Amino acid sequence: MKKNLITAMKTSISEVMEAMFYLPVEISHGDTMPRCGLIGSQEIKGGRLGFTGPCSGCFSLFIPRDLLAVMTENFMGDPRETLSMEHFEGVLKEGLNMIAGNTLRKMAGASSYELQVPGMVDGGTLPDTTALVQVETMDGTMTVFIELD
694 MKKNLITAMK
704 TSISEVMEAM
714 FYLPVEISHG
724 DTMPRCGLIG
734 SQEIKGGRLG
744 FTGPCSGCFS
754 LFIPRDLLAV
764 MTENFMGDPR
774 ETLSMEHFEG
784 VLKEGLNMIA
794 GNTLRKMAGA
804 SSYELQVPGM
814 VDGGTLPDTT
824 ALVQVETMDG
834 TMTVFIELD
């Protein structure tokens, strides 16, 4: 199941980032947080979204603030200086919701899983993870985690 989940995550991330945020991506599968390259001096924003169904757990998305600003500009169609932190957090949560929903739909159909409301988490609080996927863009790197209960 883990292999199928990672495959579905990679496909979903690519579809969502390219279609909704106009960001071409290169995706790689990582196995531990220290090796994923997200830890550093950049300010990191994080979101978390739980799900239940045939299996349960949560998705987490961690994005450097500069990359999140690019995503927000692309999604909202407004220049960065007109956007607030509320916009950035809304876009992070919406991106996470789209990635999680699309991944779970690919796994077993949308009616099989129930998504919770996405929320923000401290960028320094990294999850214990079942799997992580690194997403490289021209503007930076983000990481998507999945934890299974």
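Residue numbers (the working numbering): 694 to 842. Backbone N, C-alpha and C fix where the C-beta goes; we use that ideal spot for every residue, glycine too. Remember, it's a predicted structure, so these values are computed and weren't measured experimentally.
When the Cα atoms are used, Lys786 and Ser707 turn out to be separated by approximately 17 Å. Per DSSP, the beta-bridge partners of Glu719 are Glu829. Taken through DSSP and simplified to helix, strand or coil, Asp842 comes out as coil. Counting along the chain, no beta strand (DSSP E) covers Leu776, and no H or E run does either. Collapsing the DSSP output to three states places Glu736 in coil.
The shortest CA-to-CA distance from Glu719 to any of Met713, Ala712 and Lys703 is the one to Lys703. Short of 7 Å from the beta carbon of Pro747, and not among the five residues preceding or following it, lie these beta carbons of its own chain, in chain order: Ala801 and Ser805. Sequence-distant partners of Ala793 (beyond 5 residues in either direction) whose C-beta falls short of 7 Å from its own C-beta, in its chain, are Leu742, Phe744, Phe752 and Leu808. The three-state secondary structure of Ser707, taken from DSSP, is helix. Straight across, the Cα-Cα distance linking Asp759 with Ala824 is about 25 Å. DSSP places Val763 in no beta strand (DSSP E) but in the uninterrupted alpha helix (DSSP H) bounded by Arg758 to Met769. Partner residues in the beta bridge of Arg741, as assigned by DSSP, are Ser753 and Gly812.
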